[in-house]
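Here is the structure we will look at.
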Amino acid sequence: MDDLIIEINADADVMIAQIRARKFASALGFSKPEATAVAIVVSELSQNIVTYGHGGQITISSLHTSGVGLQIVATDHGPGIHNIEQALKDGFTTGKSLGIGLPAVKRLMDEFEIKTGLDQGTTITVKKWIKTT
Numbered sequence: 004m005d006d007l008i009i010e011i012n013a014d015a016d017v018m019i020a021q022i023r024a025r026k027f028a029s030a031l032g033f034s035k036p037e038a039t040a041v042a043i044v045v046s047e048l049s050q051n052i053v054t055y056g057h058g059g060q061i062t063i064s065s066l067h068t069s070g071v072g073l074q075i076v077a078t079d080h081g082p083g084i085h086n087i088e089q090a091l092k093d094g095f096t097t098g099k100s101l102g103i104g105l106p107a108v109k110r111l112m113d114e115f116e117i118k119t120g121l122d123q124g125t126t127i128t129v130k131k132w133i134k135t136t
């Protein structure tokens with residue numbers, strides 16, 4: 004399956020990314036609840052790009068290494084995250100949100116990584132694997 008690359012610059016892009024992410028996850032074989040979790044994660048990451056990141060992109064790729072899964076890479080051009088540990092706490096926000104976005108992303112995915120630098124933007128990479136019984 005080809006990578007899905009979505010440019011994120013405005014609120015309308017957030018909705019488009021969410022819909023396309025759900026379809027991508029479903030096509031890979033994720034269950035409806037898991038595909039919904041993927042859509043929520045993409046929505047949260049996309050909204051952060053619009054709100055804090057001065058634009059960026061979401062890339063979704065299929066994974067076929069130790070099972071089947073997907074990887075989401077969210078990259079922005081913003082000021083960076085000043086305190087990652089604090090940003091991952093429920094309720095923390097530097098804006099007007101509820102401060103649940105990044106902590107929820109981390110909980111919903113199987114793997115989570117942040118790379119950020121002051122005035123260098125932020126890249127968040129997450130992975131989710133299809134659960135086998």
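Using our numbering, the letters of the sequence shown map in sequence onto residues 4 to 136. Even glycine gets a Cβ: it sits at the ideal position worked out from N, Cα and C. Values in this document were obtained by computation on a predicted structure and should not be read as measured data.
Given residue i as reference, the closest of the options once Cα atoms are compared
i	options	result
Ala13	Leu48, Gly83 and Asp122	Leu48
Ala38	Ala20, Tyr55 and Val53	Ala20
Gly108	Met4, Ala42 and Tyr55	Residue 108 is actually Val in this sequence, not Gly. It is Ala42.
Leu73	Trp132, Gly104 and Ala30	Trp132
Ser29	Ser65, Ala90 and Leu91	Ser65
Thr135	Ser34, Gly56, Asp5 and Phe27	Ser34
Cα-Cα separation between residue i and residue j, rounded to whole angstroms
i	j	result
Pro36	Leu111	11 Å
Glu114	Val129	5 Å
Pro106	Val45	13 Å
Ile8	Ser69	23 Å
Arg25	Met4	14 Å
Neighbour flag for residue i against chain B, beta carbons, 8 Å
i	result
Ala107	Included in the structure is just one protein chain, with no chain B present.
Same chain, Cβ closer than 8 Å to residue i, five either side skipped, listed in chain order
i	result
Gly58	Glu10, Ile11, Asn12, Ile52, Asp79 and His80
Glu116	Ile127, Thr128 and Val129
Ile87	Ile117 and Thr119
Val71	Leu31, Gly32, Ser65, Trp132 and Ile133
Residue i - partner residues in DSSP beta bridges
i	result
Thr54	In the DSSP output, where bridge partners are listed per residue, Thr54 has none listed.
Glu116	Thr128
Ser60	Here residue 60 is Gln; the residue named in the question, Ser, does not match the sequence. Partner(s): Glu10 and Thr78.
Ser49	The partner list for Ser49 (beta bridge, DSSP) is empty, contrary to what the question assumes.
Gly72	Leu66 and Trp132
Beta-carbon contacts of residue i that lie in its chain and below 6 Å, excluding the five residues immediately before and after
i	result
Gln50	Val17
Leu101	Annotation note: pLDDT 43 at Leu101 (below 50); position unreliable, coordinate value reported separately. Once the five neighbours on either side are set aside, Leu101 has no close Cβ partner at all.
Leu76	A quick correction: the sequence has Val, not Leu, at residue 76. Counting only Cβ-Cβ distances below 6 Å, and skipping sequence neighbours, we find Thr62 and Thr128.
Ala90	Ile84 and Leu105
Residues of its chain near residue i, where Cβ-Cβ distance is below 7 Å and the 5 sequence neighbours each way are ignored
i	result
Gly83	Thr119, Gly120, Leu121, Asp122, Gln123, Gly124 and Thr125
Extent of the continuous alpha helix (DSSP H) to which residue i belongs
i	result
Gly104	Gly104 to Leu111
Ile87	Ile87 to Ala90
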